[in-house]
Ligand SMILES: *Cc1c(COP(=O)(O)O)cnc(C)c1O
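In the working numbering, the protein residues as written are 4 to 401.
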């Protein structure tokens, strides 16, 4: 008997669960885009986005998804014939590199595979070997959502500095912003990209690009930047529409205002700590299950695990069967395995992900874990005892 009626939980790594306050804020008629509330609200949003990013420099908003943020950022600093270095820890690192290739860049990839963090020594060596300083930017993904690998972005900057290399450091925080600690200025990041639909709890549609003076100087030296992606007119625009190179994303802005209010009411440090505790509860459960069954966390070392998304391996066909069961029988949608194998690989059915980013609390995570355990029973997947007790103990400690 299906027990899926009731409030469903979309536990995928984006789009994330949207708070009622965000949905309510968006439920309104279109505002005046030439004067009044929307214009005033936008200035405050830019200020607060910079607070979330940990930067005193510039924030811009494009209408677009995460891929748009990738292209927007690259378009301003990387042109045809330029070289970029991509230290990849999963499919999203590879994907950002492909975006750069699409703009005519030469892409040098250091692929660390699907289960390993970046090797900073290897990155430093690659930069030292580039004696002509042809590498114009290093594209680092903070949390690769496919593998759930978290990278040491401050360490990446240190490796660049140790090599004495002048390339820009660009960071993809699409999965991590508002979940995992990130401090753009303190960590020496020149360009950062994010999007609205993950830790920021707003529907997909806003691409965010942050940049500092070093990046602005590189932009000034570009032969051309296509008009829509050009961040220059969006910075200190003479007319309001120039913020967005056209009509503002009116309703998303109302949603984002509500989401930012929630983040600062809770406190950014607390938001990060909440995500960490919830992630530790998930890891504790999976460790216990894994003592008596095939389920394992993709990233072995907790230091290199995201607090927003968790990639797991459970063996084919268990992963796909389990996801089907939790969705159809219990109203819980888990994330598909992404980039862990090719589509025609029979092993593809052995991976899945927990999304635990944004508007997520203790009872949601405990409910998710209990539901997964019920699903393993129903699907005849063996597992070790004590997982829910272990998760509850982490939550109880806070
Ligand atoms: C989701 C995500 C993207 C892509 O975002 P889309 O909105 O799907 O285009 C890129 N990078 C990371 C790290 C992501 O999590």
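Glycine included, each C-beta is placed from N, C-alpha and C at the ideal position.
None of these values were measured; they are calculated from a predicted model.
Taking all protein chains in view, the Cβ of residue 136 is surrounded by fewer than 16 other Cβ atoms within 10 Å, so the residue is classified as exposed. Counting only runs of 3+ residues, the beta strand (DSSP E) found wholly inside the region 91 to 149 occupies 109 to 114, 138 to 144, in chain order. In the displayed model, residue 53 falls within a helix according to three-state DSSP. Contact fails between the region 302 to 309 and the region 385 to 394, because fewer than three Cβ pairs, one in each stretch, are under 8 Å apart. Note that the C-beta distance between residue 197 and residue 173 is not below 8 Å.
The Cβ atoms of residue 187 and residue 280 do not sit closer than 8 Å to each other.
Within the DSSP bridge table, the entry for residue 63 names 212 as partners.
With a cut-off of 8 Å on Cβ pairs, the region 369 to 378 is in contact with the region 325 to 345, counting three or more such pairs. Secondary structure note for residue 358: its beta strand (DSSP E) is the uninterrupted segment 354 to 358. Restricting attention to beta strand (DSSP E) runs no shorter than 3 residues, the region 265 to 322 encloses them at 312 to 316, ordered along the chain.
DSSP places residue 244 within a helical segment (H, G or I) once states are collapsed to three.
Between residue 171 and residue 217, the C-beta gap is smaller than 8 Å, which places the two residues in contact. Not one heavy atom of ligand 1 lies closer than 7 Å to the C-beta of residue 397.
By the criterion of at least three beta-carbon pairs nearer than 8 Å, the region 99 to 118 is not in contact with the region 244 to 255. C-alpha of residue 182 to C-alpha of residue 100: approximately 24 Å in a straight line. Sequence-distant partners of residue 53 (beyond 5 residues in either direction) whose C-beta falls short of 6 Å from its own C-beta, in its chain, are 62. Residue 174 has its Cβ no nearer than 7 Å to any heavy atom of ligand 1. Taking residue 284 as the centre and dropping the five residues before and after it, the same chain places the C-beta of 368, 394, 397, 398 closer than 6 Å to its C-beta, in chain order.
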